[in-house]
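Asker:
Numbering (our numbering), first residue to last: 7 to 153.
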């Protein structure tokens, strides 16, 4: 039912998760110390809807990598696969919602429901993309096998 997950896949997921945590911590720290208007922050916020685009891409990237790694360890191609991907996507979404809601308790951060919308859209889009790409590769590989 399961096959060995690529060590590279797990390493990429861990590194990306740590990078994401560093970005979140930097945002929390910069707002609490008044360093929010650094050059990088100013450039990022000068992009129209840059904040929402960042939420879409960062948390969507987490969803993509997590679903890609899960697809690498699941061998069967039945409905159970879809349930596993849905469950994993739900777990990622819940963790992101908890992180966004934690901003309610940080004095220098602002809770924004549109951040949750951007997070959710990114998580769903990139989860579907990962599952679709994996399924495409599986079908292509089975088409290449001699019948």
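Every residue gets a Cβ at the ideal spot worked out from N, C-alpha and C, and that includes glycine. In this text, all values refer to a predicted model and were calculated from it rather than measured experimentally.
Straight-line CA distance for residue 102 to residue 58?
Answerer: Using only the alpha carbons, I get a separation of about 14 Å.
Asker: For residue 30 and residue 71, which I take to be in contact (beta-carbon distance under 8 Å), what is that distance rounded to the nearest angstrom?
Answerer: Residue 30 to residue 71, Cβ: 16 Å. No contact.
Asker: From 54, 53, 68, pick the residue whose C-alpha is nearest to that of residue 22; which is it?
Answerer: It is 68 whose Cα lies nearest to the Cα of residue 22.
Asker: May I ask you to report which of helix, strand or coil DSSP gives residue 114?
Answerer: In this structure, residue 114 counts as coil in the three-state DSSP scheme.
Asker: When you compare each of 116, 120, 111, 131 to residue 96 by their alpha carbons, which one comes out closest?
Answerer: Measuring from the Cα of residue 96, the nearest candidate turns out to be 131.
Asker: What separation, rounded to the nearest whole angstrom, lies between the Cα atoms of residue 16 and residue 125?
Answerer: Taking the straight line from one Cα to the other gives about 22 Å.
Asker: Please report the distance separating the alpha-carbon of residue 74 from that of residue 20.
Answerer: One C-alpha to the other measures close to 13 Å.
Asker: Just confirm the distance between the C-beta atoms of residue 98 and residue 129, as a whole number of angstroms; I'd bet it's less than 8 Å.
Answerer: Contact flag correct, Cβ pair sits at about 6 Å.
Asker: My guess is that residue 115 and residue 34 are in contact by the Cβ rule of under 8 Å, so how many angstroms apart are they, rounded?
Answerer: The Cβ separation is near 7 Å, so the contact holds.
Asker: Once you ignore the five residues that flank residue 138 on each side, which residues in its own chain have a CB closer than 6 Å to its CB?
Answerer: Closer than 6 Å at Cβ, skipping near neighbours: no residue.
Asker: What separation, rounded to the nearest whole angstrom, lies between the Cα atoms of residue 140 and residue 27?
Answerer: Roughly 27 Å separates the two Cα atoms.
Asker: How many Å lie between residue 94 and residue 111 at the Cα?
Answerer: Going by the C-alpha atoms only, they are around 27 Å apart.
Asker: Beta carbon of residue 121, beta carbon of residue 51: below 7 Å?
Answerer: No, Cβ-Cβ distance for residue 121 and residue 51 is not below 7 Å.
Asker: Using C-beta distances below 7 Å, list every residue in its chain close to residue 127, excluding the 5 sequence neighbours before and after it, in chain order.
Answerer: Result list for residue 127: 62, in chain order.
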